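**Q**
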Amino acid sequence: MALKPWFNVVPPREDLRDGRPLDASEFAVHLDHVRDGRAPADYQEPRRFFDRNFFAKNLTELAVSVVRRLCGIKVETSAVYNLTTQFGGGKTHALTLLYHLAKGGPAAAEWKGVANILKTAEVDAVPASTVAVFVGTEFDSITGRGGKDGTPLRRTPWGEIAFQLAGKAGFEVVAEHEERRTAPGGDVIRAFLPKDRPAVILMDELLNYMGRNRKSGLTGELYRFVQNLSEEARAQDRVVLVVSLPSLVDEMTPEDEADFDRFEKLLDRLGKAMIMSAEAETSEIIRRRLFEWSGLPADGQKTAAAYADWIVEHRTQVPSWFPVDSAKKQFADTYPFHPALLSVFERKWQALPRFQQTRGILRLLALWVSHAYQDGFTRNRKDPLIGTGTAPLDDPMFRSAIFEQLGGAKLEGAVTTDIAGKPDANAIRLDKEAVDTIRKARLHQKVATTIFFESNGGQAKAEATLPEIRLAVAEPDLDIGNVETAVEALASTCYFLSAEKNRYRFSLSPNLNKLLADRRASVQPKRIDERVRADVQKVFDAAKGDKPIYFPEKSGLIPDYAGLTLVVLAPEQCIADKATLEFVEVATREHGASGRTFKSALIWVIAEGPDALRDEARKVLAWEDIEDEQDELRLDDGQKRQLAENVKKAERDLRETVWRTYKNVRLLTKGNQWKPVDLGLVHSSAAESLVALILSRLEKEDELVKGVSPNLLTKSWPGGRTEWSTKSVRDAFFASPELPRLLNPDSIKDTIARGVESGLIGYVGKTERGAYEPFCFATSLVAANVEIRDDMFIIKADEARKHIEPPHLATVLISPQGVRIEPGKKQAFVASGRDQHGRNFAPGEVQWHATGGTIDAEGVFLAGKDEGSFVVTAKAGQISGSATFSISSGKEPLPSPPLPETKGLSWSGDVPPQKWMNFYTKVLSRFATGKDHKLTLRVEFTAGGSVSEQQVEETKVALRELGLDDDVRSH
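Each residue of the sequence shown is one higher than the one before, starting from 2 at the first, in my numbering.
(1) Whose C-beta lies closer than 6 Å to the C-beta of D616 among residues of the same chain, with five residues either side of it excluded?
(2) Looking at the strands, I want to know which residues DSSP matches up with S245.
(3) May I have the straight-line CA-CA distance separating A577 from E609, to the nearest angstrom?
(4) Helix or strand or just coil, what does DSSP make of N229?
(5) How about L203 and T157: do their beta carbons lie closer than 8 Å?
(6) When you compare each of I880, R835, K904 and R821 to A864 by their alpha carbons, which one comes out closest?
(7) Can you give me the Cβ contacts of P898 inside the same chain, cut-off strictly under 8 Å, excluding the 5 residues immediately before and after it?
(8) Would you decide whether Q848 is buried or exposed? Buried here means 16 or more other CB atoms lie within 10 Å of its CB.
(9) Which residue's Cα is closest to the Cα of L394: T450, V587 and F734?
(10) Can you check which of these residues, G160, D547, L570 and E476, is closest to Y562 by C-alpha distance?
(11) Take V948 and list the residues in its own chain whose beta-carbon comes closer than 7 Å to its own, dropping the five residues that flank it on each side.
(12) Using 8 Å as the threshold, is the C-beta distance between Y82 and K273 below it?
(13) Output yes or no for whether 8 Å exceeds the beta carbon distance between D384 and P13.
(14) Do you know offhand how far S344's Cα is from D425's?
(15) Under the rule that 16 or more other beta-carbon atoms within 10 Å means buried, what is V924, buried or exposed?
(16) Can you tell me whether E859 is buried or exposed? The criterion is at least 16 other CB atoms within 10 Å of its CB, across all chains shown.
(17) Between which two residues does the beta strand (DSSP E) holding Q848 run?
(18) Would you mind sorting R443 into buried or exposed? The rule is 16 or more other CB atoms within 10 Å of its CB.
(19) Touch check for the stretch 794-812 and the stretch 824-838: three-plus C-beta pairs under 8 Å?
(20) Could you check what DSSP says for N841 in three-state terms: helix, strand or coil?
(21) By the 10 Å Cβ neighbour count, where 16 or more other Cβ atoms means buried, how is Q674 classified, buried or exposed?
(22) What did DSSP end up calling V869 once you bin it into helix, strand or coil?
(23) Are the CB atoms of G187 and E233 within a distance shorter than 8 Å?
(24) State the DSSP-derived secondary structure class of H94, mapped to helix, strand or coil.
(25) Provide the residue span of the beta strand (DSSP E) that contains E774, from first to last.
(26) Should the stretch 689-703 be regarded as contacting the stretch 651-666, the criterion being three or more beta carbon pairs within less than 8 Å?
(27) Would you kindly work out how many angstroms separate the C-alpha atoms of L17 and Q375, rounded to a whole number?
(28) Give me whichever residues DSSP pairs with M211 in a beta bridge.
(29) In the structure shown, what three-state DSSP assignment does N117 receive?
(30) Based on DSSP bridge pairs, tell me the residues matched to F794.
(31) With the cut-off set at 8 Å, would you say L782 and Y764 are in Cβ contact?
(32) How long is the line joining the alpha carbons of K58 and A645, rounded to whole angstroms?
(33) Using the C-alpha atoms, what's the distance from L558 back to G593?
(34) Throw me the rounded Cβ distance for the F497 and D419 pair, which I believe falls under 8 Å.
(35) Less than 6 Å between C-beta atoms, sequence neighbours within five positions excluded: which residues of the same chain meet that for D238?
(36) First and last residue of the beta strand (DSSP E) that includes T131?
In structure tokens:
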């Protein structure tokens, strides 16, 4: 179930919801303004003040102690208090609390939280008290206060305090000391202190007053007055003096520091130091001041639980200082803020001289909450918590408030360049270009903003560690790995972000990325193209074996031989370019001015496009140029280490880009069709080399084989051939797309050897007289002994057996056939034999038998008187043959004159396609074994449609393979 946006669970107070501009004075109470009735209602009206404030432990302890003292109880109380806190840390807030308690008296019991104070103090009511307030920033000793309003003119702190405690009568007690500007002693002080009621004296901003009045001598007198007043208060039962001193003031002079030290020692000796705004209670103060807060709702509890579960699951990936085992309480105590947000001010910012711990945080967070609330509706941002990464650095008012706390706006350029404030800020741009999950989470902006806060805005050496970044920006539904992805992208892109050993910080000085951006612009295109081609070759040359053909511009530059040829086109010859595919088509069919024989040998590798390669090459060259000039650039040791890493990374990125870019393979396949192969998104870990990856992929797609079966040779045997040269066998696998390509051409030797051993084929040589020598069939043959030559052949098993089986009588033939014999006449018949291969074979003893007459053992037949058709049979062993003849008394026609000796023959006619192969077998093959025979062939082919250029070219190649003239004329 999705977590509710924080603003739907805990609404901000009305003015923040309305987005009204807030001033720092909203959170900076002026004690004098409260005394005069000029303060904002939140501070002026006691009931409202107590409703909106959280009584932190230390503040409650102070109030309890003061109330007990005002009631005359000295146990566990003090008459003098020194409120020590960082500038803006809540000291004046504490003085205002005491002011309202003392002024309110018994009526204060009805205000929120006072009942707890009374209970802890073990008293029934706050006694009505007289209150005196002295604020050093307000009181001017030259013009004084009063005089024109009917009151005495007061120019000293003691005169002002005496008047506030006892009116004109009190002032008269110190009138002479006022005149002489001399601090009164204890007796005089005792005289103007109220006798009938308790007194509370509140003194604030004393350092400011002392700095302005040092030359007049009042600084020393003030010190003595506070010393005397403290001593007298300690002697009284119901008098309390509360003095606030900041722990540090920006731009202190040596005199200021000396005065500060003196006062601190005095007050620590005579009074009790109270530290305001304890860190653990800051969140509760903030929630009451900024939200309509009435406790943590159930939906807030769900959010805290969800984040806590995530923290526990990833405990090893968050900072060790975060209390994982109490994570749920941490998130609940700071809701709707992420605990990392509030803690960053305590962990990293409180050391900054200008940072105001409570007031400063309130001011920043008020702007932050108001802006985040508006964004929640206008930009549909539904963050479950207000995290560090959500700071509205794009808002000039917020940036101004941030820089005020940091002590200057020197980082304005860094923030607007790298984080937010400009539409093209690096973090904003990276989010726009990121995958959907990172873009929706605004992860680059959140990470960059977190680094800014965790590194003190660059004002000190504080750094953001990767665990701190994970803690601040990761959410229950976010893949934690995306945080590292965003950090790496920022580190390689931002101009003011320094990164070293998983520690990150924004600084005032531009980083190496800025140097890179400047140097990239000066790299010349020629250098880029040269580097791209060099690295492409380096990647492909990493493979074992023959090197590819690189960047050919003409077909003649690509060799035509029987072996795999990897052709790597130039990066600019991209797959999407029509001209590239046309070049591939032409260069596959042609080899210079001739046709290409081994078209199937070519494997084309084509780039996706040159842009990514050029961009990475430009980066490599820029880094290398910076490396060459690192001494002149005065890089520090950390930058030099980072530079060396960047050079290696850039070289690695260029290499990976070659792998990703050269992912398109094209080759001819069956039917002379082009087959595209897309390797997909690959990287260098996918195979030992890019060439190996390509060959492996082609093997999987059956376009490339390590070897073939002998059966394939018999199935692919050229029609009409008794013998097939081993060279032609090998060449066929690289010339015909119908056959698979051989990874290694010599693997055909193993195929032949296995075919011979299994009795599928024979391996023979041929002597000048036509005899087979050597002759290997159905015997062991070592592949290494197979020679790939034009005069070494393979023959089919049937042909091989003719040369190894003993001949035996297979057929008996009788001649003459169909002869006519007159009754009573004789006719001699002759029997001849043929072996199993059709060769002449003596039949041996023949037994004759005939019908229509008698026949002797010599085959002489004597015709009987009956006329008709008859049969003569000759039997040799189990083999017999027969011939038909006729007996007729009709006169024989005159014999034809003898024909002249036939020296040759010719024929012309149309042969249908289904009889082309039979034409050779039935007609031409009977002359193939004769000597000195010559066959002149004129072929005229007429197609029903058209003859393609491809078919014409293939015909020429086939003729060349046979050693014949390839002059084919088309019409």
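Ideal Cβ positions, reconstructed from N, Cα and C, are used throughout, including at glycine.
Here the structure is a predicted model, which is why all the values come from computation and not from measurement.
**A** Here's the rundown:
(1) Counting only residues of its own chain and dropping the five nearest sequence neighbours on each side, D616 has no CB closer than 6 Å to any other CB.
(2) DSSP, once it has assigned bridges, lists L84 as partnering S245.
(3) In a straight line, the C-alpha of A577 is about 7 Å away from that of E609.
(4) If DSSP states are grouped into helix, strand and coil, N229 belongs with the helices.
(5) No, they are not a contact pair.
(6) Closest option to A864, Cα to Cα, is R821.
(7) Low confidence applies here, because P898 scores a pLDDT of 49, under 50, leaving its location unreliable; read the following figure in that light. For P898, where only same-chain residues beyond five positions count, there are no Cβ hits under 8 Å.
(8) Using a 10 angstroms sphere on the CB of Q848, the tally of other CB atoms stays under 16, which defines it as exposed.
(9) The residue among T450, V587 and F734 with its C-alpha nearest the C-alpha of L394 is T450.
(10) Checking every option, the nearest Cα to that of Y562 belongs to D547.
(11) Same-chain partners within the cutoff: S971.
(12) Yes, Cβ-Cβ distance for Y82 and K273 is below 8 Å.
(13) Against a cut-off of 8 Å, the Cβ pair of P13 and D384 comes out as no contact.
(14) So the alpha carbons of these two residues sit roughly 31 Å apart.
(15) Residue environment: V924 is assigned as exposed (fewer than 16 neighbouring CB atoms within 10 Å of its CB, all protein chains considered).
(16) Exposed, because fewer than 16 other Cβ atoms sit within 10 Å of the Cβ of E859.
(17) Where Q848 is concerned, the enclosing beta strand (DSSP E) stretches over Q848 to A851.
(18) R443 comes out buried.
(19) Taking one beta carbon from each stretch, the stretch 794-812 and the stretch 824-838 have 3 or more pairs nearer than 8 Å; the two touch.
(20) Judged by DSSP in its simplified three-state form, N841 adopts strand.
(21) With fewer than 16 other beta carbons inside 10 angstroms of its own, Q674 counts as exposed.
(22) Note that residue 869 is Gly in the sequence shown, not Val. Looking at G869 - three-state DSSP - the assignment turns out to be strand.
(23) Going by C-beta atoms, E233 is nearer than 8 Å to G187.
(24) In the structure shown, H94 sits in a helix (DSSP, three-state: H, G or I).
(25) Counting along the chain, the beta strand (DSSP E) containing E774 begins and ends at Y773 to F778.
(26) Touching, yes.
(27) If you draw a straight line from the Cα of L17 to the Cα of Q375, it is about 9 Å long.
(28) DSSP lists no partner for M211.
(29) Three-state result, N117: helix.
(30) In the DSSP output, where bridge partners are listed per residue, F794 has S726 and V765.
(31) One thing to note: L782 has its Cβ within 8 Å of the Cβ of Y764.
(32) Taking the straight line joining both Cα atoms gives about 53 Å.
(33) C-alpha separation (whole angstroms): 8 Å.
(34) The C-beta separation of F497 from D419 comes to about 5 Å, placing the pair in contact by the 8 Å criterion.
(35) Once the five neighbours on either side are set aside, the close Cβ partners of D238 are G73.
(36) Per DSSP, T131 belongs to the beta strand (DSSP E) from T131 to V136.
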